[in-house]
Amino acid sequence: MDWLNWYDLLAPTNPYASLLFGFIITLVVGVAVMLETKQKRIGVMAVITGVLTTVIGVAFLTWMGLY
Numbered sequence: 016m017d018w019l020n021w022y023d024l025l026a027p028t029n030p031y032a033s034l035l036f037g038f039i040i041t042l043v044v045g046v047a048v049m050l051e052t053k054q055k056r057i058g059v060m061a062v063i064t065g066v067l068t069t070v071i072g073v074a075f076l077t078w079m080g081l082y
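Mapped onto the working numbering, the consecutive letters of the sequence shown carry residue numbers 16 to 82.
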């Protein structure tokens with residue numbers, strides 16, 4: 016894992032680190048939503064929304080040349 020550094024948690028330096036930490040945060044939020052609402056459907060919708068937001072955000076930042 017040469018592409019992952021300790022400081023990527025604060026400010027990701029490449030798209031792979033952004034995707035990894037975006038997915039981790041999305042899963043944590045999805046589980047928290049599921050536990051809070053007691054509805055699996057709402058938690059899954061939160062995870063899907065988070066994954067789409069992460070992927071679109073990373074694609075946009077890569078397209079802009081920020082990585």
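Glycine included, C-beta positions come from ideal geometry on N, C-alpha and C. If you're wondering where the values come from, they're calculated on a predicted model, not measured in any experiment.
Helix, strand or coil: how does DSSP classify residue i here?
{"i": "Y82", "result": "coil"}
{"i": "W21", "result": "helix"}
{"i": "A61", "result": "helix"}
{"i": "K53", "result": "coil"}
{"i": "P27", "result": "coil"}
Kindly give me the distance between the Cβ atoms of residue i and residue j, rounded to whole angstroms, as I take these residues to be in contact under 8 Å.
{"i": "V62", "j": "T41", "result": "6 Å"}
{"i": "V73", "j": "F38", "result": "Actually they are not in contact, since the Cβ atoms of V73 and F38 sit about 10 Å apart, beyond 8 Å."}
Who are the near neighbours of residue i in its chain, counting only those whose CB is closer than 8 Å to its CB and skipping five residues on each side?
{"i": "F36", "result": "D23, L24, P27"}
{"i": "V48", "result": "I57, G58, A61"}
Would you call the CB atoms of residue i and residue j closer than 8 Å?
{"i": "V46", "j": "G58", "result": "yes"}
{"i": "N20", "j": "Y82", "result": "no"}
Using a Cβ-Cβ cut-off of 6 Å (strictly less than) and excluding sequence neighbours within five positions of residue i, which residues of its own chain qualify?
{"i": "S33", "result": "P27, V73"}
Can you list, in chain order, the residues of its chain whose CB lies under 7 Å from that of residue i, leaving out five sequence neighbours each side?
{"i": "Y31", "result": "W18"}
{"i": "L76", "result": "Y82"}
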